[in-house]
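In my numbering, the protein residues as written are 7 to 147.
Worksheet for the structure shown next.
Spelled out as structure tokens, the structure:
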């Protein structure tokens, strides 16, 4: 049940759950309009997109809640350098894999490969090295 999901999500912040219920009661008693309800719910559920999307199912047809844009991934130079070093170390006995990796990264940088093509190529050349593939996804837009 949706209310149980909300209660579970805010088990450490019970006041948010009770405030959510109060907003619904205020709407029911016409002390707040639909736009006000949605604004408050978006505020309560910040960081809980799944709850916000489920709440939308209770809204009238045509009323759409837009999710806030996701924050871009921040990749530090240190993270990138550690990853590249890890790839180089992993393939020290097979340097052509490391060189292929550098080549495709350069192709992507020069707009000769899309992010999707880059990802597919990395999956192919790092076959059997799932940890490298998983970490690589941090670099994708």
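We put the beta carbon where it would ideally sit given N, CA and C, even for glycine.
When you compare only the Cα positions, how much space is there between residue i and residue j?
i	j	result
residue 46	residue 28	11 Å
residue 19	residue 25	10 Å
residue 108	residue 131	11 Å
residue 70	residue 133	42 Å
residue 43	residue 33	7 Å
residue 122	residue 114	10 Å
residue 21	residue 63	24 Å
residue 100	residue 83	25 Å
residue 36	residue 68	21 Å
residue 103	residue 13	50 Å
residue 81	residue 87	10 Å
residue 16	residue 120	40 Å
Would you mind sorting residue i into buried or exposed? The rule is 16 or more other CB atoms within 10 Å of its CB.
i	result
residue 9	exposed
residue 40	exposed
residue 58	buried
residue 85	exposed
### Query
Is it a yes or a no for the region 87-95 touching the region 134-146, going by three-plus beta-carbon pairs under 8 Å?
A contact between stretches requires three or more CB pairs, one per stretch, nearer than 8 Å, and the region 87-95 meets this requirement with the region 134-146.
### Message
My parser needs the alpha helix (DSSP H) runs of 4 or more residues fully inside the region 37-108; what are they?
### Response
If we require 4 residues or more, the alpha helix (DSSP H) runs fully inside the region 37-108 come out as 40-50, 55-62, 83-96.
### Message
Between the region 111-131 and the region 53-73, can you find at least three pairs of beta-carbon atoms closer than 8 Å?
### Response
Verdict: no, contact absent.
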